[in-house]
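See structure below.
Protein chains: 8
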Amino acid sequence: MNGRAILEAVKDGSLSVDDAERMLRAQPFVDLGFAKVDTQRRLRQGASEVIYGASKTPEQSVKIAETLIENGSECVMVTRCNEEVHDLATSHGLRSDYRKDARICIIGDIPERTRDSYVCVLCAGTSDIPVAEEAAVTAEVLGCNVKRTYDAGVAGIHRLLSDADTIMGATAVIVAAGMEGALPSVVGGLVSVPVIAVPTSVGYGASFGGLTALLAMMNSCASTVSVVNIDNGFGAGYIASLIDKRGEV
Amino acid sequence: MNGRAILEAVKDGSLSVDDAERMLRAQPFVDLGFAKVDTQRRLRQGASEVIYGASKTPEQSVKIAETLIENGSECVMVTRCNEEVHDLATSHGLRSDYRKDARICIIGDIPERTRDSYVCVLCAGTSDIPVAEEAAVTAEVLGCNVKRTYDAGVAGIHRLLSDADTIMGATAVIVAAGMEGALPSVVGGLVSVPVIAVPTSVGYGASFGGLTALLAMMNSCASTVSVVNIDNGFGAGYIASLIDKRGEV
Amino acid sequence: MNGRAILEAVKDGSLSVDDAERMLRAQPFVDLGFAKVDTQRRLRQGASEVIYGASKTPEQSVKIAETLIENGSECVMVTRCNEEVHDLATSHGLRSDYRKDARICIIGDIPERTRDSYVCVLCAGTSDIPVAEEAAVTAEVLGCNVKRTYDAGVAGIHRLLSDADTIMGATAVIVAAGMEGALPSVVGGLVSVPVIAVPTSVGYGASFGGLTALLAMMNSCASTVSVVNIDNGFGAGYIASLIDKRGEV
Amino acid sequence: MNGRAILEAVKDGSLSVDDAERMLRAQPFVDLGFAKVDTQRRLRQGASEVIYGASKTPEQSVKIAETLIENGSECVMVTRCNEEVHDLATSHGLRSDYRKDARICIIGDIPERTRDSYVCVLCAGTSDIPVAEEAAVTAEVLGCNVKRTYDAGVAGIHRLLSDADTIMGATAVIVAAGMEGALPSVVGGLVSVPVIAVPTSVGYGASFGGLTALLAMMNSCASTVSVVNIDNGFGAGYIASLIDKRGEV
Amino acid sequence: MNGRAILEAVKDGSLSVDDAERMLRAQPFVDLGFAKVDTQRRLRQGASEVIYGASKTPEQSVKIAETLIENGSECVMVTRCNEEVHDLATSHGLRSDYRKDARICIIGDIPERTRDSYVCVLCAGTSDIPVAEEAAVTAEVLGCNVKRTYDAGVAGIHRLLSDADTIMGATAVIVAAGMEGALPSVVGGLVSVPVIAVPTSVGYGASFGGLTALLAMMNSCASTVSVVNIDNGFGAGYIASLIDKRGEV
Amino acid sequence: MNGRAILEAVKDGSLSVDDAERMLRAQPFVDLGFAKVDTQRRLRQGASEVIYGASKTPEQSVKIAETLIENGSECVMVTRCNEEVHDLATSHGLRSDYRKDARICIIGDIPERTRDSYVCVLCAGTSDIPVAEEAAVTAEVLGCNVKRTYDAGVAGIHRLLSDADTIMGATAVIVAAGMEGALPSVVGGLVSVPVIAVPTSVGYGASFGGLTALLAMMNSCASTVSVVNIDNGFGAGYIASLIDKRGEV
Amino acid sequence: MNGRAILEAVKDGSLSVDDAERMLRAQPFVDLGFAKVDTQRRLRQGASEVIYGASKTPEQSVKIAETLIENGSECVMVTRCNEEVHDLATSHGLRSDYRKDARICIIGDIPERTRDSYVCVLCAGTSDIPVAEEAAVTAEVLGCNVKRTYDAGVAGIHRLLSDADTIMGATAVIVAAGMEGALPSVVGGLVSVPVIAVPTSVGYGASFGGLTALLAMMNSCASTVSVVNIDNGFGAGYIASLIDKRGEV
Amino acid sequence: MNGRAILEAVKDGSLSVDDAERMLRAQPFVDLGFAKVDTQRRLRQGASEVIYGASKTPEQSVKIAETLIENGSECVMVTRCNEEVHDLATSHGLRSDYRKDARICIIGDIPERTRDSYVCVLCAGTSDIPVAEEAAVTAEVLGCNVKRTYDAGVAGIHRLLSDADTIMGATAVIVAAGMEGALPSVVGGLVSVPVIAVPTSVGYGASFGGLTALLAMMNSCASTVSVVNIDNGFGAGYIASLIDKRGEV
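Next up, the structure:
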């Protein structure tokens, strides 16, 4: 019985005021109109759901995915997982696609893309590719077209500039970079769309597991840059997808 | 002579290949189509420009504003300035509006808003208001409608929830918070649009001038949250405006 | 109209279900039973209220205090304020008591203490006294008896031990210490009641404004010790008062 | 011969002043009335004792437990231990109960609870459960009733609010949280009893092994919150038990 | 009545056992033989006492000094004070000597030195001299001969080496250095006596107020080096005096 | 078709202005004269190229080296690799030389040195040798003569001074040091050529993986010292080679 | 009497071996051939000397300068000084030139430049100019030609590229940058000469007084970059001058 | 030929001035009287030598020890080594004694102690014993008598006080403590001899591998305390032995 139903029952006398008061307190606020409160845990982008694989066994991940699909989800994404999840899903008769670089297993059907717009994902060096791919695949599963420009470090700035048109045409740009974390600033100066910077834990010595890149990105001289946690490719892909679909409705 | 003009001149023989080659190298890339490269420094959102007032004398700020307006800008925003800029602008016969809380002086006419959408700006405590206002006024000058929910700290969570409908209806949400920096996480769990978190330097002791809030925001358990520099209300307002107008063209 | 009143009105038909649903959403959750949600901002310990004076003008502080007392508060405490608040309160005809060491102005009547139990406040050096006093006066205004043992640093451990009986008889012990922050561990080994440690910003060089004391206290080998923010005497006094009155009801 | 006995012997001449002086110096201060000095190492809460298992072999832990029980202890708790301790204790004919989540082995009989009051233990995510359970089981062994509310992260605030009545009825609330460490602030705003915050080392990137959560909790805007060391569930459970039994005597 | 006197009184019946027991507990442990417990606060080196001037008014400092001298102290040292203390002491008819560089005022008569041994004080740059002088004057007032080698930074290593004989002949060496804090390591390699390193807050940028020097000194490759707090010249001088007089008794 | 070729084609009419404009934008800036933009990735010092072996399989490293040599490179250096690379290169019929201490495999022929000048490489302790050797071998492969002075820690300063003539005669000096990182300052005071300091991760406790050495080196009192990342021997060797060959052309 | 003179005196019998041995030990090593040991303190580049003005009164600075010039110095540079030094020098009849941006006063005649080569000095923003100018003027006084490219931040990368030819033609490049400190990496990718990076304390929030820029620069992906202390323009200019004159002799 | 011999040769004409000058420069400074420069590397305390075992193979350690003993050393101490060194030494026919707790192997004969004085070594918890033992055994091998007081943490302060007489009678006190690092302050208040504090890496969470203990010790309110690196028991034992033997000559 949701909030309205309770009120109706009070109105027609089938529910006492006392009971109604108790019920209103006890149940999820969702019934009072806060339906979106639950959005965070069930990502209803397109028709996809997300399982954070790092803290689950392959069995747990696949079991949850299976249940979701049985209940109507078209596509379930398991992040930070290894190939075992894929093998197990396949052996359960599920359609499964494992993206090794991204460490993401996609179970079910990736929703078709209905927009022409695209998100651009860049990274500075080859070691940053796993984080960049996590972002790119996340955005794809959430319904975005994605264009990638990898290995475009600032010490070889011409490589970045040669892709400038592509970058400037995106609705949002994700930039993954470790070491000195300079790439988002350069990109942020090229584009007039939001740049989501992802510091990576790539580097050694004074890179401090990504802290240096994180701090550098926070201090970007480009006003278009905001930052997510170290190696948080998923978060970047998720935010970019929210921006990309902004023009939709 | 821009890139095309140079090519035309080469074609008609009025320019030698040697001279053309030298000219192409020497001049700003803008002529080769990288017009947007310059976007960062001249914010052509609506018809507004931005002057960073903190590192300039009132005279310098007003002089630059005057020149921009004489050259066709409708509206110039001077950030991090005091009331002197406003007084001086007025004495120069410029239309000027000083927003004390935001420390922003708006010279010229704020562009009319043509969108129905709005950006929501929240802050945790009254001490965070200057940063929140810098974000809010920035977004307004850049053409956005803005709705404010101030003093909605997590230790009085009901205040936040009572504004939940407003918050959930925005195209982007800016959250300024100091101390433990928890508000963006709570908000990020409520909404399915990008949340731009601004750590503020409000606090004492182990707040370390905003570092604690910054780190907490980076670790947000809500995937919708990205972060800008401590006290960087301008950046947050700017990014939010980019997202808000995304649906426009 | 609170939650129950709304339900009654729905029941007797004076309120439509639609309007009731809207009203339930719009109003503070307090009406649905979350009365204590508001506790944080209005500290109803005994009959006292608290105003954080640091971010207010004396005029603002006194105005708020006056209003609260006119509305039935017996006692209002203004923290982190200077003597101006006291002078202004007195000139408004309010009964006022300024505790210089604690930087607290007490307006109205401190509630009588009805318990025999007491809270013990210790500090390591004379420079820690302001923080210790903020804690002690806070606890007193919130209805506790307080016993003080000041200047009991660990480098003169006999001073502490000579007060051991007093310390061991308290319901809660507050320990303020800067520099190496060792006192809470020693005290925590003496007593079997909660010890609330307050790192102070006293020290120089590698004390880093209290961070060293804070970290040392976090690592206390005594299991009875928990820690509040640097210089947060108010918080410590508040928590101690909650523990002290625990046995009351 | 304790302090009084020594004095009596001096009085009746059976002990010389010289010998008495030497004896007073040499013996534990406990004889001079500091009996509780020893409390820290032998936790006489109910009738339970605690062994820190992390720095001991299973054999050592079980040997100590056996000796304690032979000497009259009803219940001995071994913390941070694995199942080997349990197996070994059982093979020694000891009644043993292993709590896997809490990594605690309880040897002997948990004391019956004689109070109606209860302690509430919350945690933000499933990864925080081991720390929360260490706190919960510790409090139980020390004689408290415990109610648990797990997986109540701030990004899904309604889950927390739906348990608000339970939380508000406790005598003390323990909150374990990693990542941004925001949960204690939200809880601290709901209740008017002490909140003991336990930062956990859960997180990645800029969580720095729990430091971010620790700093955030230190800066809590709720005055009811004090903090213990990262992952220190035992300390939190111990302090909560002290508060819970405060009303007893 | 000290500990022995109490025992004698019990013996001769002039004091009851009850009263004796209470008195033993109440009074300073000094009477039970812990006379040195008090050493820290009353430095009985030679016949000198120390007042920490930084947290006292000139009036307070002089008043304390006066009282000490009236009660038999030959010499009182006021540290971290300005010339006002000296002027005030002189106007009170006290013999006073102000050491400007060391910020120390010596009231009374410096004890004559009866040892031939000496302490050596070095510093790296002219900006380190105040800290070095605080150490040197402290050691002198505490009865040591002191030899100074200033401005002997490692970037001009020959200056240090030319004083090598002097340095090697000391009973203890104090080295004050800011910036990279390298001098103690070099000195520690030259001598076979304890080297007390004092990091100073001299430097800029990445010197972090002396933290860099402190950390460098902690990592000294010379095994003879131990470290005191940043700018703690007094502590270094005090420890050196303890070592210097070691051979005395 | 490079930039000039495009212009020529426009001039002779074989290329339209439109196509020329598009081509100028699309192709690498190298064609417009920024040939050196690419320098970073292909180190054309003498005739050597560099492969960063740490992030590649031996197979990948050798394959790249083989291709480069087939395309005319005389010498290819694989850094941070183990002996497998050497064995594999040899089995491919390549001339290969593995420098174990430096963890560098040199494939092909080290270019002959044509300069009399030399670079000097120092290190403080035997544990710093791998970093020093990485620097030394890098400089050698890039065409420099190298003189080594190892195990010259500041705590045995005479060892350093006995090599002073050698050190002072170099065109650039590389100094690798961990722990307190003092050696570059001492060396920087001896020479009037650039000193490139390399902090190493050698040490324990408060050395923090090289951070202490890094900070100490940044604060060097010698103006000749600049610093590269922790353990970055390659970078130091590369910069030194640039300085050494400065006098060449 | 220098080392040689001592030996001559021993040879001709005018000095005993004992006295000679003592004298050799006592005097500066400079006489034994380590003349360059003293180089650090007396910068004999061209014919210029340097006085660090920050820790001296104008009177002291001018007095030293006057003495140096009377003793044959052609040019003395006073760093980190204000205009008072210039006024005082002029009033003493000295030829003086005050460079306001660089905070350097040049007393005497800047040596003529005899090389064609030049050093390039870049900075990211207008706020970085004082540090850049300190570097540039230092290099000029030490005999270098200097070319400046200011306000070339990475967020407007085309400005940098348009000066690429100038930058690529230098013998050494100095790059001063605050905030994210990204510029040196971009420049380091363009050139094949040493890049000396100077982090500046420009920025706010998470720039931590230049620490973020410093760390970012240490992690530069360009192998040509080494770093000096925050705001250390003088050091950068000095090192660049050493590299520039490398080709001279 | 040492310095004096050179001078004699010049005097009698058998050596030219030119050659003498060159020779003086070339040879170790030891010949000029800096014999003690070498002290650091060869610890001639009593007749013992030290080998740092951590960076050597057992074979290397034993080989060095064997050589030293063949050349007249009575006793060689190998630190941070495992039992293999002992076994190997024994198999080489060397007298060997392995101290497991201290991780030290003593090869040869510990010198007899000729002093009555003693050094006292304390530690806070059982986990600190390895570091304390490293200090204690080092001091013993270097000729000191050592008295140990272990497991004397500040949370059970009476245990420390019951050993007060022993502690107060030492010539130097070493205190090893992890966690909050409070013990040295308490001890420093009891004694009037130098206290050498050794932070240990014992602890978890916010102990940061010993950094918290280190910082706490640096801030000790007792003036007798100086600090060595984390876990540096050897250094503490070495310094204590220097102090202990101070009274000897």
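Chains as they are written, first to last, in the working numbering: chain A, 6 to 254; chain B, 6 to 254; chain C, 6 to 254; chain D, 6 to 254; chain E, 6 to 254; chain F, 6 to 254; chain G, 6 to 254; chain H, 6 to 254. Just so it is clear, CB atoms sit at the ideal spot from N, CA and C, and this is done for glycine as well.
Reduced DSSP category for glycine 113 of chain G - H, G, I as helix; E, B as strand; rest coil: Residue state, collapsed to three classes: strand.
C-beta neighbour in chain A for isoleucine 201 of chain F, strict 7 angstroms: Not an interface residue.
6 angstroms CB neighbourhood of alanine 202 of chain C in its chain, flanking five on each side removed: Cβ-Cβ distances below 6 angstroms link alanine 202 of chain C to Val180, Pro189, Met222, Val230 and Val232 in the same chain, with the five nearest sequence neighbours on each side left out; the list follows chain order.
Extent of the continuous alpha helix (DSSP H) run through lysine 68 of chain H: 63-75 is the span of the alpha helix (DSSP H), which, as asked, contains lysine 68 of chain H.
Min CB distance valine 159 of chain E to chain I below 7 angstroms: Included in the structure are the protein chains A, B, C, D, E, F, G and H, with no chain I among them.
C-beta contact flag for aspartate 170 of chain B and threonine 205 of chain B at 7 angstroms: Contact flag unset, no.
Residue(s) in a DSSP beta bridge with leucine 127 of chain F: DSSP, once it has assigned bridges, lists F:Thr154 and F:Val180 as partnering leucine 127 of chain F.
Pairwise C-alpha distance: serine 212 of chain G and leucine 220 of chain B: Each residue's alpha carbon lies about 14 angstroms from the other.
Beta carbon proximity, alanine 241 of chain A to chain D, threshold 7 angstroms: False, the Cβ-Cβ gap to chain D never drops below 7 angstroms.
The region 197-222 of chain G: positions lying closer than 9 angstroms to chain E by Cβ: Listed by position, the residues of the region 197-222 of chain G near chain E (Cβ gap below 9 angstroms) are Pro204, Ser206, Gly214, Gly215, Leu216 and Leu219.
Proximity to glycine 130 of chain F [Cα-Cα], best of F:Thr143, F:Gly193 and F:Gly208: Of the candidates F:Thr143, F:Gly193 and F:Gly208, the one whose C-alpha sits nearest the C-alpha of glycine 130 of chain F is F:Gly208.
Proline 135 of chain C versus asparagine 234 of chain D - alpha carbon distance: Each residue's alpha carbon lies about 26 angstroms from the other.
Cβ-based contacts, 9 angstroms cut-off: residues of the region 109-138 of chain G near chain B: Listed by position along the chain: Gly130, Thr131 and Ser132.
Terminal residues of the alpha helix (DSSP H) in which alanine 202 of chain D lies: Counting along the chain, alanine 202 of chain D falls outside any alpha helix (DSSP H), though it belongs to the beta strand (DSSP E) covering 200-204.
Length of the line joining the Cα atoms of glutamate 13 of chain D and valine 22 of chain E: About 6 angstroms.
Buried versus exposed, by CB contacts within 10 Å (16 or more), histidine 97 of chain E: So histidine 97 of chain E counts as exposed.
CB contact flag (cysteine 125 of chain C, isoleucine 172 of chain C, <7 angstroms): Going by C-beta atoms, cysteine 125 of chain C is nearer than 7 angstroms to isoleucine 172 of chain C.
Min CB distance serine 60 of chain C to chain B below 7 angstroms: Yes, its Cβ sits closer than 7 angstroms to a Cβ of chain B.
Residue closest to alanine 182 of chain D, alpha-carbon to alpha-carbon, out of D:Gly158, D:Arg164 and D:Gly193: Comparing Cα-Cα distances from alanine 182 of chain D to each of D:Gly158, D:Arg164 and D:Gly193, the minimum goes to D:Gly158.
First and last residue of the uninterrupted alpha helix (DSSP H) at serine 132 of chain A: Serine 132 of chain A -> no alpha helix (DSSP H), and no H or E assigned at all.
Residue range of the unbroken beta strand (DSSP E) whose run includes tyrosine 103 of chain H: First-last of the beta strand (DSSP E) with tyrosine 103 of chain H: 101-104.
Within 7 angstroms, strictly: CB atoms of threonine 1 of chain F and serine 122 of chain F: In the structure as shown, chain F starts at 6 and stops at 254, and residue 1 of chain F therefore has no counterpart that could be examined.
C-beta atoms of alanine 107 of chain G and glycine 242 of chain G nearer than 7 angstroms: Not closer than 7 angstroms, so no.
Reduced DSSP secondary structure (H/G/I, E/B, other) of threonine 119 of chain C: The answer is coil: DSSP assigns threonine 119 of chain C none of H, G, I, E or B.
DSSP state of threonine 143 of chain E mapped onto helix, strand, coil: Looking at threonine 143 of chain E - three-state DSSP - the assignment turns out to be helix.
Isoleucine 248 of chain B beta carbon less than 7 angstroms from that of isoleucine 248 of chain A: Contact: yes.
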